[in-house]
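Numbering of the sequence shown is given in numbering that gives the first Met the number 0, commencing with residue 0 and proceeding in unit increments. For every residue, glycine included, the Cβ atom is placed at its ideal position computed from N, Cα and C. In what follows, a single structure is set out as C-alpha cells and then discussed.
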Amino acid sequence: MIDFSLPNETQMLVATVKRFVEKELNPLEDEIERTNAIDSGVADGLRRKAQELGLWAMHMPEEMGGGGLSTVEFCLVNEQIGHTKDVLARRAFGHVPSILVRCAGAQREKYLHAAMRGEIHVSVAMSEPEAGSDANGIRTTARRDGEGWILNGSKHFISDADVAGAYIVTAHCEEGISCFLVDRDTPGLELGRIQKMMGHRGTHHNGLFLINCRIGPEQLLGELGRGMSIVLGLINVARLAYVGARAVGMASKLLEMSIKFAQQRCQFGAPIGSFQMVQKMLADMQTEIYAAKVMVLNAAWEIDQGRDAREKVSMVKLFASEMLGRVADNAVQIFGGMGYCTELPIERYYRDARVFRLYDGTSEIHRIMIARSLLERGDVPL
Numbered sequence: 000m001i002d003f004s005l006p007n008e009t010q011m012l013v014a015t016v017k018r019f020v021e022k023e024l025n026p027l028e029d030e031i032e033r034t035n036a037i038d039s040g041v042a043d044g045l046r047r048k049a050q051e052l053g054l055w056a057m058h059m060p061e062e063m064g065g066g067g068l069s070t071v072e073f074c075l076v077n078e079q080i081g082h083t084k085d086v087l088a089r090r091a092f093g094h095v096p097s098i099l100v101r102c103a104g105a106q107r108e109k110y111l112h113a114a115m116r117g118e119i120h121v122s123v124a125m126s127e128p129e130a131g132s133d134a135n136g137i138r139t140t141a142r143r144d145g146e147g148w149i150l151n152g153s154k155h156f157i158s159d160a161d162v163a164g165a166y167i168v169t170a171h172c173e174e175g176i177s178c179f180l181v182d183r184d185t186p187g188l189e190l191g192r193i194q195k196m197m198g199h200r201g202t203h204h205n206g207l208f209l210i211n212c213r214i215g216p217e218q219l220l221g222e223l224g225r226g227m228s229i230v231l232g233l234i235n236v237a238r239l240a241y242v243g244a245r246a247v248g249m250a251s252k253l254l255e256m257s258i259k260f261a262q263q264r265c266q267f268g269a270p271i272g273s274f275q276m277v278q279k280m281l282a283d284m285q286t287e288i289y290a291a292k293v294m295v296l297n298a299a300w301e302i303d304q305g306r307d308a309r310e311k312v313s314m315v316k317l318f319a320s321e322m323l324g325r326v327a328d329n330a331v332q333i334f335g336g337m338g339y340c341t342e343l344p345i346e347r348y349y350r351d352a353r354v355f356r357l358y359d360g361t362s363e364i365h366r367i368m369i370a371r372s373l374l375e376r377g378d379v380p381l
C-alpha cells in the first residue's frame, strides 16, 4: 500500500517554517517591494533567528551543519517558503549552493563552512548571454597558466552577485567544462550592473566579467572537466524545491486570497463566490495545485529512493511553473480591477510568477527533454 502520511517530526518542521514565514517574513514584503532592497541588518537578524530554529541551509547534509532533510521534506518546507518573497527566502533560509559539498582541503573552511555559518554568500555563475538553457554552450574559458588558470568571459543573470563574496564559475578548459571558485576581490573580476527585472524585487541579478582573471590551482572545484556533470547531478533537487514546490506554495497563497475575496466581495447583491464562473476558476486553481503538489512529492520520493527522476523532474518543472502562471492569472481576474492595482499584492505575484517558466530551463527546453526521453525509450513507463 502507498502511505501518504507524514511523520510527526516532519509535520512539526513544516508548521515551524509556516509560522516563521507568516510572523517574520510576510510583514517585510511591502517595504522590500517598494525599495527593491533588503536592509543588511534585517537580513542578518533573519539569518540568526532561522539558525536558532535550525532552519538555515536545511538542504545541506547534517554532518556539514545543515538540516539533512530528505528531498520530500525539503520540498514540503519549500512549499511554505513559496508563501513569501524570494529575497526573504534567500536571506532567512540560506541559499547555500549544494555544489559546495564538493569542496576539498582548505576550500571546505574558506567556502563551505563559512557559507554554512552565514559568513559568506557564494553565487553560482553559469548563465551567459549566449548560453541560458543551453548550459553546455558557455564561452567562458579557463586557460592553464603554470599551475594556475586564467579565466576570460562574461556571465549574466547571476543571482545575489552583489552580496556574494565568491562565485562558482563554469568555464571551458582542455579537459571540458570545469567549476572554479573565484573570490570577489580577484583581480580581473568585475561586477556588472544590476539587471532590472519585472518581478522578484529585492533579489538582484548582475552581470559578471572575467578579464584575464588569474586564479591558483587550489580554486578548482571538483574534478577537472567534470563541471557540468557535477552541476547537473545536483540540479534535480533544486528544480523540485525552488521551482516546483515554491510554485505550489505561491499558487496556494493566491488561491487562499482569492477564496476570501470571493466570499467577501459582493456584486448584484451576492458574493461573487456564488457565481459559477468564479467557482470554475477556484475549482481549476485547486485542482491544478493538487496535481502539481503530488507530482513534486512523487519525484522527490523517487530521488530519495536513489532512482533516476530526471524525466519526472522536467515534467514537474514544466507543469508547476505553467500552473502557477494560470493560477496567478485567475487570481487577477477574480480580484478584477483591484487585482491589477499595486495596493494589493496580487499584481506582484502575477509578475513574480512569470519567471518560473524561464529559469532552470524554459518550458520549451523541458518539453524537448521529456519528448526525447519518450522517443528513446519507445514506451510510457508504469
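With a cutoff of 7 Å on beta-carbon distance, A291 and V247 are scored as near each other. Residue pairing by DSSP puts T140 in a beta bridge opposite N151 and H171.
Take G221, set aside five residues on each side of it, and the residues of its chain with a beta-carbon closer than 7 Å to its own are R101, C178 and I229, in chain order.
Between A160 and L207, the gap from beta carbon to beta carbon is short of 7 Å. When the five nearest sequence neighbours on each side are left out, the beta carbons in the same chain lying within less than 6 Å of the beta carbon of N77 are those of A240, A244 and R245, in order along the chain.
Membership of V100 in any beta strand (DSSP E) is not indicated, and neither H nor E is assigned to it by DSSP. In the three-state reduction of the DSSP assignment, G206 falls in the strand class. For N7, the secondary structure class from DSSP, reduced to helix, strand or coil, is helix. Within 10 angstroms of the beta-carbon of S4 lie fewer than 16 other beta-carbons, which makes it exposed. In the structure shown, the three-state DSSP call for A124 is strand. For I193, the uninterrupted beta strand (DSSP E) segment begins and ends at L188 to I193. Look at the segment 55–88 and you find these whole runs of alpha helix (DSSP H), each 4 residues long or longer: 70–80.
A56 sits close to M115, with the two beta carbons spaced by under 7 Å. Nearest to R350 by alpha-carbon distance, out of L253, V162, R107 and R213, is L253. In this structure V16 is in contact with L54, their Cβ atoms being roughly 6 Å apart against a cut-off of 8 Å. DSSP places Y166 within a strand segment (E or B) once states are collapsed to three.
Secondary-structure assignment with DSSP links S158 through a beta bridge to H204. Under the three-pair Cβ rule at 8 Å, the segment 88–106 counts as touching the segment 58–68. Residue state for A130 is assigned as strand, using DSSP reduced to three classes. As the crow flies, the alpha-carbon of E375 is around 15 Å from that of K311. Where L231 is concerned, the enclosing alpha helix (DSSP H) starts and stops at G226 to A237.
The segment 144–160 makes contact with the segment 201–220; the number of CB pairs closer than 8 Å reaches 3 or more. For A124, the CB contacts under 6 Å within the same chain, skipping 5 residues up- and downstream, are K154, I157, Y166, V168 and L207 in chain order. With a cut-off of 8 Å on Cβ pairs, the segment 103–112 is not in contact with the segment 261–280, counting fewer than three such pairs.
The beta-carbon distance between H120 and G164, rounded to whole angstroms, is 6 Å. This is short enough to meet the 8 Å contact definition. M249 places its beta carbon less than 7 Å from that of G81. N211 is the residue among N211, T202 and I31 whose C-alpha sits nearest the C-alpha of P186. In this structure the segment 68–77 touches the segment 297–308; the number of beta carbon pairs closer than 8 Å is three or more. In terms of Cα proximity to G272, the closest of D144, A330 and N151 is A330. Between the beta-carbon of G201 and that of N35 there is about 6 Å, and that keeps the pair under the 8 Å contact cut. Here DSSP, grouped into helix, strand and coil, assigns V379 to coil.
Under the criterion of beta carbons closer than 8 Å, I369 and S320 do not qualify as touching, at roughly 14 Å. Using a Cβ distance threshold of 7 Å, I345 and F334 count as a contacting pair.
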